[in-house]
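Per the working numbering, residue 526 is the first one in the sequence shown, and the count goes up by one each step.
Beta carbons are placed, not taken as given, at the ideal position from N, Cα and C, and that holds for glycine.
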Amino acid sequence: MKSIIFPKSLKKADKIAIISPAGSVEEAQLQNTLDLIISKGYEPILGQHTLEKFQDGYSYAGNEEQRISDINWALNDPEIKAIWATRGGYGCQHLLEHIKLTDFNKNPKWYIGYSDNTAVQSLLLKKGFASIHGQTLKTSSFGVSEESYDLVFDILKGKKLNYTFKSNDFNKKGNTDGQIVGGNLALIYALLGTKYSFDFKDKILFIEDIGENFYALDRMLMSLELAGVFSKINGLIVGGMTNMGKEGENKAFEESFDPFAYHLIEHRLKGYNFPVLYEFPNGHIFDNRPIILGAEIELNIGKKSEVIFKS
526 MKSIIFPKSL KKADKIAIIS PAGSVEEAQL QNTLDLIISK GYEPILGQHT LEKFQDGYSY
586 AGNEEQRISD INWALNDPEI KAIWATRGGY GCQHLLEHIK LTDFNKNPKW YIGYSDNTAV
646 QSLLLKKGFA SIHGQTLKTS SFGVSEESYD LVFDILKGKK LNYTFKSNDF NKKGNTDGQI
706 VGGNLALIYA LLGTKYSFDF KDKILFIEDI GENFYALDRM LMSLELAGVF SKINGLIVGG
766 MTNMGKEGEN KAFEESFDPF AYHLIEHRLK GYNFPVLYEF PNGHIFDNRP IILGAEIELN
826 IGKKSEVIFK S
């Protein structure tokens, strides 16, 4: 297995690039989080097109050339020490064929984001670099817990993660370890069969999603099964399954961990024996605690559940 490179810890006054690789954002939606970055002692630097808007069937943060320009600037500018995406949405796949890592290879830096950013993070992991699957900077409709951001800053300071949770009735007990991969299920599914898809062999897979019809969720799970993913992995961690069942329906916040979505996942996994942890607090949810993609973790599922990041 390729050894994974973890970016260096940040120092006070280090610069963090703020980019919008997918959907567009308003400046007002970022003010609180930009102020938070400053309060933690870092300097946020907006990309040239971070607040751009380009309408082409979807509201992108600039056209493809503008978003490619911003991500390559952030990845390769030696003054930038970390990269934080403003939001997900759709559009990161447009960038994959054009991402350059010439200077990034010499000076790796943390890339922070989730949702559509899974596409970029999969590419980085294929190249041997860890990233942070964590809260973006746009203020979301369901809010964000303080801990969601505080734990990201802990990682930037070099601290390790260690999570302990109460039991969930859907859990499949057991102990395993391996490198954690994954992110947004729709993007994992969309990258299957491409050169940017995660390597699943002996890995622990993490999945989360939002706003998918149940038949679409089942189709994605079936595709993973047909691709042999479930035969390869050591374990599965399931995060938020938010507002599932009917696209666009404004469901109650209590359905951040949709029980029928969990039932569908449990059904698809009946023939497999690896441990499965449900209700991990990461995804399109209020308490979106970060995961270090590419880290070696220990997964212990019993009366209580532990996710221990060993690297």
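Test item: CB-CB of Trp-635 and Ile-608 under 8 angstroms: One-based indexing of the sequence shown puts residue 635 at position 110. One-based indexing of the sequence shown puts residue 608 at position 83. The answer is yes: Cβ separation under 8 angstroms.
Beta carbon of Asn-588 nearer than 8 angstroms to that of Ala-610: Position 63 of the sequence shown holds residue 588. Position 85 of the sequence shown holds residue 610. It is not a contact, given that the beta carbons lie outside the stated cut-off.
Buried versus exposed, by CB contacts within 10 Å (16 or more), His-809: On the sequence shown, residue 809 is found 284 positions in, with the first residue counted as 1. Around the CB of His-809, 16 or more other CB atoms lie within 10 Å, so the residue is classed as buried.
Start and end residues, beta strand (DSSP E) containing Thr-689: Position 164 of the sequence shown, counting from 1, holds the residue named residue 689. Segment 687 to 691, the beta strand (DSSP E) holding Thr-689.
Among Gly-819, Lys-698, Ser-534 and Gly-770, the one whose alpha carbon lies nearest that of Phe-723: Numbered from its first residue, the sequence shown carries residue 723 at position 198. Ranking Gly-819, Lys-698, Ser-534 and Gly-770 by Cα distance to Phe-723 puts Gly-819 first.
Endpoints, alpha helix (DSSP H) assigned at Asn-700: Start at 1 with the first residue of the sequence shown, and residue 700 comes out as number 175. Counting along the chain, Asn-700 falls outside any alpha helix (DSSP H), though it belongs to the beta strand (DSSP E) covering 699 to 709.
Segment limits, alpha helix (DSSP H) that includes His-619: One-based indexing of the sequence shown puts residue 619 at position 94. Counting along the chain, His-619 sits inside no alpha helix (DSSP H), nor does DSSP assign it H or E at all.
Distance, Leu-649 Cα to Ile-680 Cα: The count along the sequence shown starts at 1 and reaches residue 680 at position 155. The count along the sequence shown starts at 1 and reaches residue 649 at position 124. Answer to the nearest angstrom: the Cα atoms are 18 angstroms apart.
Contact under 8 angstroms by Cβ, Ala-547 with Gly-616: On the sequence shown, position 22 is the one that residue 547 refers to. On the sequence shown, position 91 is the one that residue 616 refers to. For Ala-547 and Gly-616, yes; Cβs fall inside 8 angstroms.
Sheet register partners of Tyr-636 (DSSP bridge): Locating residue 636 in the sequence shown gives position 111, where the first residue counts as 1. In the DSSP assignment, Tyr-636 forms a beta bridge with Ile-608.
Cβ-based burial, Asn-738 [other Cβ within 10 Å; buried from 16]: Translated into positions along the sequence shown, residue 738 becomes position 213. Under this definition Asn-738 is an exposed residue.
Inter-residue Cα distance where the pair is Ile-833 and Asp-702: Translated into positions along the sequence shown, residue 833 becomes position 308. Translated into positions along the sequence shown, residue 702 becomes position 177. Put simply, the backbone Cα of Ile-833 is about 9 angstroms away from that of Asp-702.
Whole-angstrom C-beta distance between Asn-597 and Lys-631, which should lie under 8 angstroms: Residue numbering aside, residue 631 sits at position 106 when the sequence shown is read from its first letter. Residue numbering aside, residue 597 sits at position 72 when the sequence shown is read from its first letter. Their Cβ separation, rounded to whole angstroms, is 15 angstroms, which puts Lys-631 and Asn-597 out of contact at 8 angstroms.
Residue range of the alpha helix (DSSP H) that includes Ser-487: In the structure as shown, the chain begins at 526 and stops at 836. Residue 487 is therefore absent and cannot be evaluated.
When Tyr-803, Gly-770 and Pro-633 are compared against Pro-603, the one with the closest alpha-carbon: Counting from 1 along the sequence shown, the entry for residue 603 is found at position 78. Ranking Tyr-803, Gly-770 and Pro-633 by Cα distance to Pro-603 puts Pro-633 first.
With 16 other Cβ atoms within 10 Å as the buried cut-off, status of Ser-830: Taking the first residue of the sequence shown as 1, we reach residue 830 at position 305. Buried.
According to DSSP, residues forming a beta bridge with Lys-728: By one-based count along the sequence shown, residue 728 stands at place 203. Bridge partners of Lys-728: Gln-704.
Environment of Pro-815 [buried if 16+ CB atoms lie within 10 Å]: One-based indexing of the sequence shown puts residue 815 at position 290. Classification for Pro-815: buried.
Assigned exposure category for Met-745 - 16 Cβ within 10 Å defines buried: Stepping through the sequence shown from its first residue, residue 745 is reached at position 220. It is buried - the Cβ of Met-745 has at least 16 other Cβ atoms within 10 Å.
Given Tyr-721 as reference, the closest of Ile-713, Lys-728 and Asp-727 once Cα atoms are compared: To locate residue 721, count along the sequence shown from 1; it is residue 196. When only C-alpha atoms are compared, the closest one is Ile-713.
Element boundaries [alpha helix (DSSP H), containing Ile-790]: By one-based count along the sequence shown, residue 790 stands at place 265. For Ile-790, the uninterrupted alpha helix (DSSP H) run begins and ends at 784 to 793, by DSSP.
From Ser-656, Thr-689, Lys-663 and Phe-799, residue whose alpha carbon lies closest to that of Lys-726: If you number the sequence shown from 1, residue 726 lands on position 201. Proximity to Lys-726 across Ser-656, Thr-689, Lys-663 and Phe-799 peaks at Phe-799, based on C-alpha coordinates.
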